[in-house]
Amino acid sequence: MKLLATRTMTIDAHDEDVPVIRLRFVMKPDGSSYFLTSDVGKFLELNNTDTNDCLEILEHWGVPFVQETVTDRGKVIGPVGLITEPDYRKLAVRAADHRASL
0 MKLLATRTMT IDAHDEDVPV IRLRFVMKPD GSSYFLTSDV GKFLELNNTD
50 TNDCLEILEH WGVPFVQETV TDRGKVIGPV GLITEPDYRK LAVRAADHRA
100 SL
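Each residue of the sequence shown is one higher than the last, beginning at 0 in numbering that gives the first Met the number 0.
Set out below in structure tokens:
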């Protein structure tokens, strides 16, 4: 079975004070795309420092994800957590609500 290969989306805010955002994603043969949860967690400041991923938070908040082994620039990594864009949006709202409650 051929492993899914990551692609990278880079967002540059054109503001020196805002760091460049790098999100890796994979596309499955059916056309569905998934972000790597480690990148999403870093962007939303949710990463668990022990594992550099936010899978425990996703499980706690009931946000679905899948785990697969993928290739990243020729290197096999994983299994890694993958999350769909609609679930990413749900997670972003949940993270904002959580930060507001602190």
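We put the CB at the ideal spot given by N, CA and C, even for glycine.
Just to confirm, is the Cβ distance from residue i to residue j under 8 Å?
i   : j   : result
E67 : G77 : yes
L45 : F34 : no
G80 : T36 : yes
L54 : F64 : yes
Run through DSSP, which three-state label would residue i get?
i   : result
K1  : coil
V92 : helix
K27 : coil
F80 : It should be pointed out that residue 80 corresponds to Gly in this sequence rather than to Phe. Three-state DSSP puts G80 in a strand.
D52 : strand
H59 : helix
D86 : helix
Among all the DSSP beta bridges, which residues are the ones paired with residue i?
i   : result
D71 : K74
L35 : L81
R6  : F24
V65 : L81
Got a sec? Which residues, its chain only, sit under 7 Å from residue i by beta carbon, not counting five neighbours each side?
i   : result
L2  : T68, V69, T70 and V75
Y87 : F34 and V39
For residue i, which residues from the same chain have a beta carbon less than 6 Å from its beta carbon, with the 5 sequence-adjacent residues on both sides left out?
i   : result
S32 : F24 and M26
I56 : L45
Using a Cβ cut-off of 8 Å (strictly closer), state whether residue i contacts chain D.
i   : result
V62 : In the displayed structure, chain D is absent; only one protein chain is listed.
- Task: Flag this pair as touching only if the region 57-74 and the region 84-98 have three or more C-beta atom pairs under 8 Å; answer yes or no.
- Result: yes
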